[in-house]
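Participant: In order, the protein sequences belong to chains A and B. Just so you know, we're using numbering that gives the first Met the number 0 here: the first sequence kicks off at 0 and counts up by one. Just so you know, we're using numbering that gives the first Met the number 0 here: the second sequence kicks off at 0 and counts up by one. A virtual CB, placed ideally from N, CA and C, is assigned to each residue, including glycine. Bear in mind that the values here come from a model prediction, so they are computed numbers and not experimental data.
There are 2 protein chains.
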Amino acid sequence: MAEPVPSGGSIAEPLKSLGLTKYEALVYVALLKASGATATELHELSGVPRASVYPVLERLSQKHLVSVSNTSPKRFNPVKPDDAIDLLMRSIESDATRAKTELSRVYAQAERPARGDQELIWSIHGDDQIRSRLFELLRGARSSVQIIFYWDHLKEELITTLLSLAATVRVDIITDRFTTPVPDRIHVTVRTPPESHGIATGKCMAGGVVIVDGKQAMVVMGSKEEGFTALYSEASGFIRFFTMYWNFFSSWIRT
Amino acid sequence: MAEPVPSGGSIAEPLKSLGLTKYEALVYVALLKASGATATELHELSGVPRASVYPVLERLSQKHLVSVSNTSPKRFNPVKPDDAIDLLMRSIESDATRAKTELSRVYAQAERPARGDQELIWSIHGDDQIRSRLFELLRGARSSVQIIFYWDHLKEELITTLLSLAATVRVDIITDRFTTPVPDRIHVTVRTPPESHGIATGKCMAGGVVIVDGKQAMVVMGSKEEGFTALYSEASGFIRFFTMYWNFFSSWIRT
DNA sequence: TAAATGTTGTTATCACAAAAACAACATAGG
DNA sequence: CCTATGTTGTTTTTGTGATAACAACATTTA
Chain A
0 MAEPVPSGGS IAEPLKSLGL TKYEALVYVA LLKASGATAT ELHELSGVPR ASVYPVLERL
60 SQKHLVSVSN TSPKRFNPVK PDDAIDLLMR SIESDATRAK TELSRVYAQA ERPARGDQEL
120 IWSIHGDDQI RSRLFELLRG ARSSVQIIFY WDHLKEELIT TLLSLAATVR VDIITDRFTT
180 PVPDRIHVTV RTPPESHGIA TGKCMAGGVV IVDGKQAMVV MGSKEEGFTA LYSEASGFIR
240 FFTMYWNFFS SWIRT
Chain B
0 MAEPVPSGGS IAEPLKSLGL TKYEALVYVA LLKASGATAT ELHELSGVPR ASVYPVLERL
60 SQKHLVSVSN TSPKRFNPVK PDDAIDLLMR SIESDATRAK TELSRVYAQA ERPARGDQEL
120 IWSIHGDDQI RSRLFELLRG ARSSVQIIFY WDHLKEELIT TLLSLAATVR VDIITDRFTT
180 PVPDRIHVTV RTPPESHGIA TGKCMAGGVV IVDGKQAMVV MGSKEEGFTA LYSEASGFIR
240 FFTMYWNFFS SWIRT
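1) Is any beta-carbon of chain A found at less than 8 Å from that of residue 101 of chain B?
2) Of the residues B:27, B:60, B:233, which one's Cα is nearest the Cα of residue 44 of chain B?
3) In whole angstroms, what is the alpha-carbon distance linking residue 190 of chain B and residue 96 of chain B?
4) List, in chain order, every chain B residue whose beta-carbon is nearer than 7 Å to that of residue 32 of chain A.
5) Mind checking residue 162 of chain B: buried by the 16 CB within 10 Å criterion, or exposed?
6) Taking Cβ positions only, does residue 226 of chain A come closer than 8 Å to chain B?
7) Whose Cβ in chain B lies nearer than 9 Å to the Cβ of residue 70 of chain A?
8) Have a look at the DSSP bridge pairing and note the partners of residue 172 of chain B.
9) From A:149, A:88, A:38, pick the residue whose C-alpha is nearest to that of residue 14 of chain A; which is it?
10) Given this structure, state the Cα-to-Cα distance separating residue 176 of chain A from residue 225 of chain A, to the nearest angstrom.
11) If I measure Cβ to Cβ from residue 167 of chain B and keep anything under 8 Å in the same chain, skipping five residues before and after, which residues do I get?
12) Would you mind reading off the limits of the beta strand (DSSP E) that contains residue 74 of chain A?
13) Counting only the same chain and skipping the five closest in sequence on each side, list residues whose C-beta sits under 7 Å from that of residue 59 of chain A.
14) Just checking: is the beta-carbon of residue 21 of chain B within a distance shorter than 8 Å of some beta-carbon in chain A?
15) By the three-class DSSP mapping on this structure, what secondary structure does residue 222 of chain A have?
16) With burial defined as no fewer than 16 other Cβ atoms inside 10 Å of the residue's Cβ, what is the status of residue 250 of chain A: buried or exposed?
17) What three-state label does DSSP hand residue 199 of chain B in the structure shown?
18) Say whether chain B places a C-beta atom closer than 8 Å to the C-beta of residue 42 of chain A.
19) Applying the 10 Å Cβ sphere with the 16-neighbour rule, what's the burial state of residue 152 of chain B?
20) Please classify residue 70 of chain B: does DSSP put it in a helix, a strand, or coil?
21) Any idea if residue 80 of chain A is buried or exposed, counting beta-carbon neighbours within 10 angstroms, 16 or more meaning buried?
22) Rounding to the nearest angstrom, what Cα-Cα distance links residue 239 of chain A and residue 29 of chain B in this structure?
23) Under 8 Å between C-beta atoms, does residue 2 of chain A make it to chain B?
24) Note down, in chain order, each residue of its chain lying with its Cβ closer than 7 Å to the Cβ of residue 212 of chain A, except the 5 sequence neighbours on either side.
25) Would you identify the three-state DSSP class for residue 206 of chain B, choosing helix, strand or coil?
26) Have a look at residue 217 of chain B and residue 242 of chain B and give me their C-alpha separation to the nearest angstrom.
27) Do you know how far the Cα of residue 125 of chain B is from the Cα of residue 18 of chain A?
28) Can you round the beta-carbon distance between residue 121 of chain A and residue 232 of chain A to whole angstroms, since I take them to be within the 8 Å contact cut?
29) Could you pull out every residue in the same chain whose Cβ sits closer than 7 Å to the Cβ of residue 148 of chain B, ignoring the five residues on either side in sequence?
30) In chain A, which residues lie less than 7 Å from residue 63 of chain B when you measure between Cβ atoms?
31) Going by DSSP in three states, residue 167 of chain A sits in which element: helix, strand or coil?
32) Taking the C-alpha atoms as reference points, what is the distance between residue 105 of chain B and residue 10 of chain A?
33) Residue 138 of chain B CB to nearest chain A CB: under 8 Å?
34) Secondary structure at residue 228 of chain B, three-state DSSP: helix, strand or coil?
35) Residue 80 of chain B versus chain A: which residues are under 8 Å apart at the beta carbon?
36) Contact criterion: CB-CB distance below 8 Å. Does residue 94 of chain A meet it with respect to chain B?
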């Protein structure tokens with residue numbers, strides 16, 4: 000018995016994002032396994048140095064995660080995990096909403112030079128950010144959307160978004176496999192590019208190009224393992240290059 | 000211009016609970032005020048050392064809170080505050096739910112010596128914990144509840160909870176001001192204790208005693224500023240003492 | 001009873017890593 | 001040339017992790 004509980008380490012890990020230190024997490028988990036334990040028992044059970052157990056339990060008590068007995072030796076009781084985590088989350092959530100309102104106010108008040116985004120090429124990291132910016136971009140389309148995509152994980156959402164665009168928007172799609180029926184204003188070209196072309200080769204590589212209204216362009220590439228990277232720009236050179244790329248790709252693919 | 004932004008410090012504060020460091024928060028807030036700024040501009044605007052701005056922006060980029068341009072000098076754009084905070088919160092929430100399930104499993108599997116709570120007196124800190132344990136205790140009442148409370152902030156919830164108890168539970172209440180009509184099985188004694196008694200003196204002091212089924216007792220005291228502290232016990236001596244206290248208080252108050 | 005032993009709770013101290021703050025340097029662009 | 005940028009390295013600081021020593025008290029053993 001009294002093994003160092005290798006699983007305890009992994010269990011304690013997510014607690015650290017909730018504001019607990021390593022020791023706090025370890026002791027709390029140990030206390031869950033032995034409610035009403037003494038400091039020494041917790042020391043043995045958690046692997047935390049005995050002398051450190053006392054200040055750690057003090058901190059946990061101040062965070063309202065444990066209650067303490069008045070006996071000698073002191074005994075400790077954990078707050079039920081659900082209550083404890085709800086407690087921590089409430090605190091974090093309140094901070095989050097406060098931050099949200101204050102930061103949104105700051106962001107709204109800041110006068111943004113409209114030229115800020117012009118002539119620059121932005122790198123975007125993170126699947127969520129890319130997704131968010133991509134659909135924001137598409138929903139802003141007014142006259143035309145030209146899109147090449149060779150990926151799967153956003154295909155459905157992408158198609159429904161494209162279909163929901165106003166009828167005045169001309170949509171050109173180049174992709175592999177496409178089964179959904181579409182209205183006339185949407186032109187779909189299906190073609191699996193050869194391996195040599197580099198895009199969509201093998202397992203998880205994916206990529207895409209989106210040009211909206213001939214004024215905004217976004218390029219995405221990456222793999223599911225290494226994550227995705229995207230470029231976005233309204234710079235004329237950037238637009239020209241990828242419009243040319245689109246034209247070339249489009250005509251080449253019809254051969 | 001370029002004042003050190005004293006408000007920035009307080010605005011950046013709640014971001015730290017979301018896993019950002021001081022610098023990360025400061026730079027992000029500064030970037031909200033000046034989208035598309037360069038590293039040097041952010042240094043001047045945030046007060047963060049210029050050399051530190053680069054690694055900080057690198058970290059923010061990895062956390063998907065900013066996007067970077069490819070120009071020279073580099074320019075940076077913030078992710079919209081709402082998106083950014085939602086992003087951070089989602090990550091924390093997923094950790095929280097994971098922790099909740101795993102910890103609940105641990106807590107459920109642990110065999111809890113039923114005698115653990117016996118004969119011990121537990122200190123409980125934190126308004127929420129006290130509230131939670133208090134109502135848990137009341138809802139567990141089977142035959143009797145004796146309660147003295149001189150506080151306001153839980154009065155309503157307390158009364159509704161007491162009214163919702165089974166008809167087989169005899170309820171005795173001693174408190175100040177009481178207006179709600181109650182069924183016969185509930186006995187209410189109203190009396191404002193003199194200042195000298197020490198309970199409920201002045202502004203925000205408050206206190207209370209609860210005895211459930213003659214087997215469990217909880218005592219609460221504190222002030223709204225300093226917070227509350229509670230004692231809970233099933234120890235016979237503890238119960239005896241406060242039952243006696245209750246009897247004394249009850250008879251004295253009727254004079 | 002008195003000495004030896006063990007446990008508890010506390011305090012002081014040291015080690016270590018991350019973050020914060022500063023200094024130095026190479027270089028690109030005006 | 002000079003300024004500003006971007007990068008690198010070093011120092012200081014802070015919070016946490018880790019070890020040792022200590023007083024108070026209880027228990028055991030001679």
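Facilitator: In this structure, then:
1) Within the second sequence, the letter at position 102 stands for residue 101 of chain B. Interface residue, yes.
2) Within the second sequence, numbered from 1, the residue matching residue 44 of chain B stands at position 45. Nearest option by C-alpha distance: B:27.
3) Position 191 of the second sequence holds residue 190 of chain B. Position 97 of the second sequence holds residue 96 of chain B. Cα to Cα, the separation comes out at about 47 Å.
4) Taking the first residue of the first sequence as position 1, residue 32 of chain A is located at position 33. Here the neighbours are 105, 109.
5) In the second sequence, the residue the question calls residue 162 of chain B occupies position 163. Per the 10 Å Cβ criterion, exposed.
6) Along the first sequence, one-based indexing puts residue 226 of chain A at 227. The C-beta of residue 226 of chain A comes no closer than 8 Å to any C-beta of chain B.
7) Within the first sequence, residue 70 of chain A is the residue found at index 71, counting from 1. The answer, in chain order, is 118, 119, 120.
8) Translated into the one-based positions of the second sequence, residue 172 of chain B becomes position 173. Looking at the DSSP assignment, residue 172 of chain B forms a beta bridge with B:146, B:187.
9) One-based indexing of the first sequence puts residue 14 of chain A at position 15. The option with the nearest alpha carbon to residue 14 of chain A is A:88.
10) Walking along the first sequence from the start, residue 176 of chain A turns up at place 177. Walking along the first sequence from the start, residue 225 of chain A turns up at place 226. In a straight line, the C-alpha of residue 176 of chain A is about 24 Å away from that of residue 225 of chain A.
11) What you label residue 167 of chain B is simply residue 168 of the second sequence in a count that begins at 1. Excluding five sequence positions before and after residue 167 of chain B, the CB atoms of its chain that fall closer than 8 Å to its own CB belong to 141, 142, given in chain order.
12) Here the question's residue 74 of chain A lines up with position 75 in the first sequence. Unbroken beta strand (DSSP E) run through residue 74 of chain A: 74-77.
13) To locate residue 59 of chain A, count along the first sequence from 1; it is residue 60. Excluding residues within five positions, the ones whose Cβ falls inside 7 Å are 23, 26, 27, 65.
14) Taking the second sequence and counting its residues from 1, one reaches residue 21 of chain B at position 22. Not closer than 8 Å to any Cβ of chain A, the Cβ of residue 21 of chain B fails to qualify, so no.
15) Taking the first residue of the first sequence as position 1, residue 222 of chain A is located at position 223. The answer is strand: DSSP assigns residue 222 of chain A an E or B state.
16) Your numbering for residue 250 of chain A matches position 251 in the first sequence. The residue in question, residue 250 of chain A, is exposed, as its Cβ has fewer than 16 Cβ neighbours within 10 Å.
17) The count along the second sequence starts at 1 and reaches residue 199 of chain B at position 200. Note on residue 199 of chain B: pLDDT 46, under 50, position unreliable in the model; the coordinate value appears next. In this structure, DSSP gives residue 199 of chain B a state outside helix and strand, which the three-state scheme calls coil.
18) Your numbering for residue 42 of chain A matches position 43 in the first sequence. For residue 42 of chain A, the answer is no, since every Cβ of chain B falls outside 8 Å of its Cβ.
19) As a working note, residue 152 of chain B is residue 153 in the second sequence. Answer is exposed; the Cβ neighbour count stays below 16.
20) The count along the second sequence starts at 1 and reaches residue 70 of chain B at position 71. Three-state result, residue 70 of chain B: coil.
21) Position 81 of the first sequence, counted from the first residue, corresponds to residue 80 of chain A. When all chains shown are included, residue 80 of chain A counts as buried.
22) Taking the first sequence and counting its residues from 1, the one referred to as residue 239 of chain A is at position 240. Taking the second sequence and counting its residues from 1, the one referred to as residue 29 of chain B is at position 30. So the two alpha carbons sit approximately 33 Å from each other.
23) As a working mapping, residue 2 of chain A is identified with position 3 in the first sequence. Residue confidence is low: residue 2 of chain A scores 37 on pLDDT, short of 50, so the model does not pin down where it sits. Its coordinate-derived value is still stated next. For residue 2 of chain A, the answer is no, since every Cβ of chain B falls outside 8 Å of its Cβ.
24) By 1-based counting over the first sequence, the position of residue 212 of chain A is 213. 140, 141, 142, 143, listed in sequence order.
25) As a first step, residue 206 of chain B is located in the second sequence; it is residue number 207 there, counting from the start. DSSP places residue 206 of chain B in strand when its eight states are reduced to three.
26) Indexing the second sequence from 1 puts residue 217 of chain B at position 218. Indexing the second sequence from 1 puts residue 242 of chain B at position 243. In a straight line, the C-alpha of residue 217 of chain B is about 11 Å away from that of residue 242 of chain B.
27) Along the first sequence, one-based indexing puts residue 18 of chain A at 19. Along the second sequence, one-based indexing puts residue 125 of chain B at 126. Roughly 17 Å between the two C-alpha positions.
28) Along the first sequence, one-based indexing puts residue 121 of chain A at 122. Along the first sequence, one-based indexing puts residue 232 of chain A at 233. With a Cβ gap of about 7 Å, residue 121 of chain A and residue 232 of chain A count as contacting.
29) Counted from its first residue, the second sequence places residue 148 of chain B at position 149. The answer, listed in chain order, is 157, 174, 207.
30) For the purposes of this step, residue 63 of chain B is identified with residue 64 of the second sequence, where counting begins at 1. By Cβ distance, chain A contributes 124, 125, 127, 128.
31) What you label residue 167 of chain A is simply residue 168 of the first sequence in a count that begins at 1. The answer is coil: DSSP assigns residue 167 of chain A none of H, G, I, E or B.
32) For this step, residue 105 of chain B is matched to residue 106 along the second sequence. For this step, residue 10 of chain A is matched to residue 11 along the first sequence. Whole-angstrom Cα-Cα distance: 10 Å.
33) As a first step, residue 138 of chain B must be located in the second sequence, where it is residue number 139. With 8 Å as the cut-off, residue 138 of chain B does not count as an interface residue toward chain A.
34) Here residue 228 of chain B refers to the residue found at position 229 when the second sequence is read from its first residue. Here residue 228 of chain B sits in strand by DSSP.
35) Indexing the second sequence from 1 puts residue 80 of chain B at position 81. For residue 80 of chain B, the neighbours in chain A by C-beta distance under 8 Å run, in chain order, 98, 99, 102, 103, 105, 106.
36) One-based indexing of the first sequence puts residue 94 of chain A at position 95. It does: the Cβ of residue 94 of chain A has a partner Cβ on chain B nearer than 8 Å.
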